[in-house]
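Q: 36 is the number of the first residue of the sequence shown in the numbering used here; add one for each residue after it. We put the beta carbon where it would ideally sit given N, CA and C, even for glycine. Note that the coordinates shown come from a computational prediction; the quantities given were computed from them, not determined experimentally.
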Amino acid sequence: MSLRVQKVCELIRRELSVILEKDFRIENCLVTIHEVSVTPDMRQCFVYVGVIGKPHQQDAAIEKLTKARGFIQRDLYKRVKLRCSPQLFFRLDKSVERGVPLLNIIDNLPPPLPDLPEETPPEDTPPK
36 MSLRVQKVCE LIRRELSVIL EKDFRIENCL VTIHEVSVTP DMRQCFVYVG VIGKPHQQDA
96 AIEKLTKARG FIQRDLYKRV KLRCSPQLFF RLDKSVERGV PLLNIIDNLP PPLPDLPEET
156 PPEDTPPK
């Protein structure tokens, strides 16, 4: 991915976060933008969204974002001036859910063994 595409992705991610925080509230769940990827021709933009809530709330949040895509795109492109405005596609990012069981396993590991003291070599005693 080129540096320009990376910068555009980061800019879109920041501005979408502001838009969702100020203008677009989803009730009973927390929505965060984890990642934004843009196709090389910059015609499509995939927004990976994390939704903290129950599974039906997650589906409802993605559906609401998809339905409001036109409003969100219009607001985004008022803030971000690009030659070509990519079309937004919202995807549910389940990486956090996949990571929680792994963190639970790590938390349940036994504590590490204490370090053993290093043995000091016997000191040479001077001859008598």
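Within its chain, find whatever has a CB closer than 6 Å to the CB of G85; leave out the 5 residues flanking it on each side and keep chain order.
A: T67, H69, D128, V131
Q: Is A95 near the ligand MG, with its Cβ less than 7 Å from a heavy atom?
A: In the structure on display, the ligand MG does not appear, and there are no ligands present to speak of.
Q: Beta-carbon within less than 8 Å of P147's beta-carbon, same chain only, minus the 5 sequence neighbours each way: which residues are those?
A: none
Q: With which residues is T67 paired in a DSSP beta bridge?
A: DSSP output for T67 lists G85 as bridge partner(s).
Q: V73: buried (16+ other C-beta within 10 angstroms of its C-beta) or exposed?
A: buried
Q: Can you name, in chain order, every residue of its own chain whose Cβ lies under 7 Å from the Cβ of L123, other than the five neighbours on each side?
A: C80, V82, R104, I107, Q108
Q: Can you list, in chain order, the stretches of the alpha helix (DSSP H) that have 4 or more residues and sit fully within the region 92 to 133?
A: 104 to 114
Q: Pull up the distance between the alpha-carbon of V43 and that of D150, whole angstroms please.
A: 49 Å
Q: How far does the alpha helix (DSSP H) with L148 in it reach, from first residue to last?
A: Careful: L148 lies outside any alpha helix (DSSP H) and carries neither H nor E.
Q: Determine, using beta carbons only, whether K99 and I61 come nearer to each other than 8 Å.
A: Yes, these two residues count as a Cβ contact at 8 Å.
Q: Mind reading off the beta-carbon distance from I54 to V115? Whole number of angstroms is fine, and I expect it under 8 Å.
A: Going by Cβ atoms, the distance from I54 to V115 rounds to 10 Å, so no, they are not a contact pair.
Q: Leaving aside the five residues before and after I97 along the sequence, list all residues of the same chain whose C-beta is less than 6 Å from its C-beta, in chain order.
A: Spatial neighbours of I97 in its own chain (CB-CB distance under 6 Å, excluding positions within 5 residues in sequence) are listed in chain order as F125, L127.
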